[in-house]
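Going by our numbering, the residue at position 85 of the sequence shown is 196; the numbering climbs one at a time, nothing skipped.
Where a beta carbon is used, it is the ideal one built from N, C-alpha and C, also for glycine.
Bear in mind that the values here come from a model prediction, so they are computed numbers and not experimental data.
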Amino acid sequence: MKENIVYLVGSGPGDPGLITVKGLECIKKADVIVYDYLVNHSLLKNARSDAEIIYVGKKGNQHTMEQEDINQLLVDKAMENKVVTRLKGGDPYVFGRGGEEALVLKKNNIPFEVVPGITAAIASPAYAGIPVTHRSYTSTFGLITGHEDPTKDQSDIDWEKLSTGLGTLTFYMGIKNLPNIVSQLVKHGRSKDTPVAVIRWGTTPAQETVTGTLSNIVEKAKNIKPPAITIVGEVVNLRDQLNWFETRPLFGKTVVVTRSRDQASEFSEKLTDLGANVLEFPTIKITSPDDFAPLDKELGRLESTDWIIFTSVNGVDCFFHRLFELGRDVRDLKGVKICSIGPATTDRIKGFHLKVDCQPPKYVAESVVEALKEIEALKGKRILMPRADIARSYLPEELQKMGADVADIVAYKTVAATNGDNTVLDKLKDGTVDIVTFTSSSTVRNFAKIVGEDNLSAFKKNVQFASIGPITTKTAEEMGIEVSIKADEYTIPGLVKAIVEKSGYDKPQIPLESPLNKGILSINIPVLKEVSEEL
Ligand code: SAH
112 MKENIVYLVG SGPGDPGLIT VKGLECIKKA DVIVYDYLVN HSLLKNARSD AEIIYVGKKG
172 NQHTMEQEDI NQLLVDKAME NKVVTRLKGG DPYVFGRGGE EALVLKKNNI PFEVVPGITA
232 AIASPAYAGI PVTHRSYTST FGLITGHEDP TKDQSDIDWE KLSTGLGTLT FYMGIKNLPN
292 IVSQLVKHGR SKDTPVAVIR WGTTPAQETV TGTLSNIVEK AKNIKPPAIT IVGEVVNLRD
352 QLNWFETRPL FGKTVVVTRS RDQASEFSEK LTDLGANVLE FPTIKITSPD DFAPLDKELG
412 RLESTDWIIF TSVNGVDCFF HRLFELGRDV RDLKGVKICS IGPATTDRIK GFHLKVDCQP
472 PKYVAESVVE ALKEIEALKG KRILMPRADI ARSYLPEELQ KMGADVADIV AYKTVAATNG
532 DNTVLDKLKD GTVDIVTFTS SSTVRNFAKI VGEDNLSAFK KNVQFASIGP ITTKTAEEMG
592 IEVSIKADEY TIPGLVKAIV EKSGYDKPQI PLESPLNKGI LSINIPVLKE VSEEL
């Protein structure tokens with residue numbers, strides 16, 4: 112019989128990569144997940160598909176559920192013999208009321224375990240370039256609630272001892288109360304020149320840091336809203352040298368990725384690693400062809416096929432998927448030469464333990480013709496091209512002109528994704544987006560269709576458009592979309608490089624709303640890559 116248990120898990124401060132291995136395991140095995148406002152929602156993608164997921168978030172004074180009700184919920188769910196993962200921001204026992212929840216569980220004889228998390232006072236300064244301790248500056252470090260009501264007669268905080276007795280001071284929940292915190296510290300002997308940093312949404316793409324001293328931080332941080340951590344102490348000065356996170360090339364840039372959900376992850380991850388705030392807005396979806404008969408027929412005569420030309424990763428995947436589905440395997444490809452349009456497609460082919468005989472120097476159809484010609488005369492050769500339904504006709508036509516017998520077969524369909532994410536559309540409209548990326552002509556067409564002509568003309572002057580290669584650029588320009596970022600190498604890495612090099616204009620920053628719960632941070636899904644310009 113299954114044992115019930117409640118895991119009190121710290122999810123870390125915001126960056127989903129900062130959860131512990133054990134914490135992630137608890138998400139994966141939970142029957143029920145109860146989570147808070149400060150938990151990065153992308154972590155929930157790891158939950159079982161049948162898990163019950165309950166939001167009990169508290170944002171400032173807005174409580175979705177009172178603490179007593181949350182305690183009761185944990186008890187009730189555990190009593191139903193469930194494995195419950197109680198997911199909390201940062202660490203569950205650091206100003207997270209985890210202690211109260213644990214006591215209630217104990218009182219009700221419910222087994223529980225605690226999985227610590229990285230707390231905001233350690234992670235946010237680290238991501239802002241501030242080590243909380245350093246031998247030359249301080250050997251003490253305190254975590255303090257800044258939430259205390261300043262009108263309270265008797266403070267629980269001994270300001271006198273705190274102000275001068277500790278080196279680094281970090282204040283949670285202290286934004287509204289910052290003037291009081293600062294005045295208490297100065298009143299009790301901390302120098303007015305002590306450096307201070309206020310970090311909002313630490314460890315996320317929306318991280319914002321303001322620095323000053325006890326004499327001016329109130330004024331300087333007046334526009335900072337919660338959640339933010341305040342750090343007081345000489346270590347703040349190290350930020351000038353150690354600020355690694357906010358100085359990454361795409362930090363502060365919001366980039367829209369329009370490729371299909373299945374294919375977005377590699378691209379999104381690269382952009383995220385460079386500091387970008389990535390919004391996935393899938394404009395296309397890859398589906399099976401309406402009729403497999405033409406492909407099946409070709410698969411039935413591989414022994415008389417001279418070449419297979421793969422022009423996209425999808426083509427590779429769909430070809431082999433069907434081959435295997437028919438109970439066949441790669442031995443049937445013996446003697447068939449393989450051409451791949453570019454490096455990502457080649458990698459995918461190699462993944463099936465097959466060698467590529469030809470990859471053109473430029474990753475477009477025109478270059479394929481040239482490269483094949485150099486290898487052998489194509490007259491009379493049988494060439495199979497498993498492609499998208501909307502692939503360009505240039506390549507098969509050129510090969511036919513050269514006397515080849517070409518089977519241009521639909522191996523998959525590219526259909527428009529219909530459900531445009533309104534939060535992304537709103538961000539395009541309100542000017543939060545810096546760059547929209549196109550990785551094929553169909554992403555351009557469908558993007559324009561989904562956002563609508565009026566919207567597109569309203570926001571297109573405020574964003575930069577980035578294109579993977581000349582065919583995509585041409586499609587965009589034909590539709591009145593001016594492309595200012597063009598990849599020199601027509602691949603995802605080439606596009607990323609161009610974005611880093613050419614996204615050099617700085618727009619005024621509009622602070623992001625919660626970066627944790629709007630699908631902003633990219634999701635890890637199996638990597639499917641595509642370089643083809645041909646869609
Ligand atoms: N248990 C949490 C703290 C909860 S109290 C932890 O260990 O981090 C909520 C306060 O934590 C916020 O008001 C803010 O002061 C701080 N906080 C949490 N996440 C933060 C983040 N990503 N950036 C800055 N401050 C954060």
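Just verifying my parser: in three-state terms, what is the DSSP assignment at residue i?
| i | result |
| --- | --- |
| Q265 | coil |
| A515 | coil |
| F378 | helix |
| A317 | coil |
| I255 | strand |
| I603 | helix |
| D306 | Going by the sequence as given, residue 306 is Pro instead of Asp. Looking at P306 - three-state DSSP - the assignment turns out to be strand. |
| W312 | coil |
| F356 | coil |
| G630 | Because the pLDDT of G630 is 39, which lies under 50, any placement of that residue in the model is unreliable, and the number read from its coordinates should be weighed accordingly. Note: G630 maps to coil in three-state DSSP. |
| F403 | coil |
| N157 | helix |
| G278 | coil |
| D617 | Its pLDDT being 48, under 50, D617 is placed unreliably in this model, and the coordinates cannot settle the point. |
| H152 | helix |
| A587 | helix |
| T529 | coil |
| W270 | helix |
| K538 | helix |
| V544 | coil |
| A339 | strand |
Pop quiz: residue i and residue j are said to be a contact at Cβ under 8 Å. What is the actual Cβ separation, rounded to whole angstroms?
| i | j | result |
| --- | --- | --- |
| V145 | V195 | 7 Å |
| D500 | P400 | 7 Å |
| L349 | G240 | 7 Å |
| L510 | V480 | 7 Å |
| D147 | E163 | Not really, about 16 Å apart at Cβ, beyond 8 Å. |
Check this for me: beta carbons of residue i and residue j, under 7 Å apart or not?
| i | j | result |
| --- | --- | --- |
| G300 | I292 | no |
| S153 | P127 | yes |
| V307 | I328 | yes |
| G344 | G278 | yes |
| D545 | R493 | no |
| N388 | T369 | no |
| D304 | T324 | yes |
| I395 | T529 | no |
| A522 | L406 | yes |
| P497 | F558 | no |
| N288 | G253 | no |
| P316 | A234 | no |
Bridge partners of residue i, per DSSP?
| i | result |
| --- | --- |
| Y523 | A499 |
| T131 | According to DSSP, which records beta bridges pairwise, T131 is partnered with nothing at all. |
| S206 | As written in the sequence, residue 206 is Phe, which differs from the Ser given in the question. F206 is not bridged to any residue. |
| Y146 | Y166 and L198 |
| A239 | Bridge partners of A239: none, in fact. |
| Y118 | T196 and E224 |
| N388 | T365 |
| S578 | F549 and K597 |
| V555 | V555 is not bridged to any residue. |
| K396 | V526 |
| G323 | V307 |
| G123 | G201 |
| T249 | H245 |
| H174 | K169 |
Q) At which residue ranges does the region 425 to 496 contain complete beta strand (DSSP E) runs of 3 or more residues, listed in the order of the chain? A) 448 to 451
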